[in-house]
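In terms of the numbering used here, the sequence shown opens at residue 36 and continues consecutively. Encoded as structure tokens, the structure appears first; notes follow it.
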Amino acid sequence: MERHSDTLTPALAARYAATFDRAVRDGAPQGIHWCLNTPEAETAALGADGHPAGGGGAMPHHAAFPRRMWASSALTFHAPIRVGARVERTSRIESSTEKSGSSGRLLFVIVAHDVTADGQAAVSERQTIVYREAAMPGAAPVAIVETQTEKDWDWERVVTPSAPLLFRYSALTFNSHRIHYDLPYAREAEGYAGLVVHGPLMAALLLDLADRMAGPDALREFSFRAVAPAFADAPLRLLGMIAGDTVALHVRSAEGHDHMTAIGRLSG
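In structure tokens, the structure reads:
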């Protein structure tokens, strides 16, 4: 079990708001907890990919599975985190399961996080991390994408994630994984078509969509699953469809392929 403590400073709140082209407010946006209690590995302790070689915090290190991806999360928002709050996070590994997939052996690790702000429950999260074997040079990751049927969306916004946006989010989360800012590495070492948009950045963009369309602290529950990589400079459609107190959310390409799917439950 890991315990960490941090403070949501006015400076961090301002940088987060600027990253998403929003105004600063007292109650910080949902998703800002991903920028708090971040791993603090020394530079000398980073691996070739930019991740902490020893895993970092509650994230274990597996020599046979050097690559890792944030595959999904299920969150409950109990209360907003206010600027100036002391934010504590307790993390523990719930399970670790090895499987075989089309891209080789995989290790699924589920980590539970409990976040408090000034001693009050703020966020509960169950995070699934997928560890993969080392990539063959020049080998493109396997991603099965299907063109989705279009609907009359209640919410829709188009965002083109630029390299500066990816860099800023990496800085906010103290994430030095090179696929997000080192184009030659992303292409040549890990076989991606371009700079990879962070999974939590796509999730944060969906939370921002809910905030813009339904107001602050719009969701009380939020579950997302990464479907396929998204790349810098390719437009993303942020979509939402409401049914009762539930909203189905998607990050979708201009061609109609899902990069992320999510379900939210509206507050109130």
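Here a beta-carbon is modelled for each residue, glycine too, at the ideal position from N, C-alpha and C. Since the structure is predicted, the reported quantities are computational estimates derived from the model, not experimental observations.
Item: Segments assigned beta strand (DSSP E), at least 3 residues, entirely inside the region 106 to 174; Value: 121 to 136, 139 to 152, 155 to 167
Item: Spatial distance of tyrosine 51 from arginine 127 (CA atoms); Value: 27 Å
Item: The region 193 to 209 touching the region 148 to 168, judged by at least three CB pairs closer than 8 Å; Value: no
Item: Contact set for alanine 114: own chain, Cβ-Cβ below 8 Å, skip 5 residues either direction; Value: Ala152, Gln155, Ala156, Ala157
Item: Spatial neighbours of alanine 261 in its chain, beta-carbon cut-off 8 Å, leaving aside the 5 residues before and after; Value: Met104, Trp105, Ala106, Ser107, Gly234, Met237, His294, Met295
Item: Exposure label - glycine 136; buried when at least 16 CB within 10 Å; Value: exposed
Item: Proximity to serine 302 [Cα-Cα], best of Arg255, Leu284, Leu273; Value: Arg255
Item: Cβ neighbour criterion (16 or more within 10 Å) applied to aspartate 84; Value: buried
Item: N- and C-terminal bounds of the beta strand (DSSP E) containing aspartate 293; Value: 293 to 301
Item: Three-state secondary structure assigned by DSSP to serine 40; Value: strand
Item: Own chain residues within Cβ distance below 6 Å of threonine 125, not counting five before or after; Value: Arg38, Asp149
Item: Within 8 Å, strictly: CB atoms of aspartate 61 and valine 122; Value: no
Item: For phenylalanine 266 and leucine 241, believed in contact at Cβ under 8 Å, the rounded distance; Value: So it is not a contact: roughly 18 Å between Cβ atoms.
Item: Same chain only: Cβ atoms within 8 Å of arginine 222, ignoring 5 sequence neighbours per side; Value: Ala228, Gly229
Item: Short Cβ contact (8 Å threshold) for arginine 272 with arginine 167; Value: no
Item: Sheet register partners of isoleucine 277 (DSSP bridge); Value: Val282
Item: CA nearest to the CA of histidine 292, picked from Gln65, Ala263, Ala253, Glu77; Value: Ala263
Item: Rounded separation between lysine 134 and valine 144 - CA only; Value: 11 Å
Item: Coil, strand or helix - phenylalanine 266 by DSSP; Value: strand
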